[in-house]
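Report on one structure; see the data block that follows.
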Amino acid sequence: MEEWEVPVRCFKCGESYGTPAKHFAIGNVLWCPHCYKSVVVKDDLNFRVRTTLREFYERWNKNLTEFRSKREKELREFHEKRERELKDFESYQQRELEKVKAQLQTISESYDAPGRPGKHRSLFSWG
Ligand SMILES: [Zn+2]
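Using my numbering, you'd call the opening residue of the sequence shown number 1309 and step up by one each time.
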């Protein structure tokens, strides 16, 4: 954060130049590279730069935290959805299995083999 370049506009020539944030110490002298006019960093300038940087830094961190927690929430929801889909699929499979069991039951009960003694007997009780 101390190495960040802070843009400064020269009050004399109107040109802008970048100065590392750490140069904004009270009493420090900044030199305009265009007209070589010097500016002494005063208390209020130092305060404004520091406040702006701190606010930016806090906002930046807050945004990052919000982004991360949003990501985590989305991942959690995604996994929950996958879990639900798996459960739905399993219960669907279970219902299909029950259906085919019932079908097999019907087939075996109505099974009527040629030459089989005793019609209408269940396949499973035969033999
Ligand atoms: Zn200048």
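Every residue, glycine too, gets a C-beta built ideally from N, C-alpha and C.
Asked                                                                                                                                : Found
Taking the alpha carbon of D1351 as the reference point, which residue from W1339, G1335, Y1365 has its own alpha carbon closest?    : G1335
Put K1330 into one of helix, strand or coil per three-state DSSP.                                                                    : helix
Under the DSSP definition of a beta bridge, which residues are partnered with Y1325?                                                 : V1316
Return yes when the C-beta of H1342 is under 7 Å from any heavy atom of ligand 1, and no when it is not.                             : yes
Look at the alpha carbon of E1374 and the alpha carbon of N1354, and state the distance between them as a whole number of angstroms. : 30 Å
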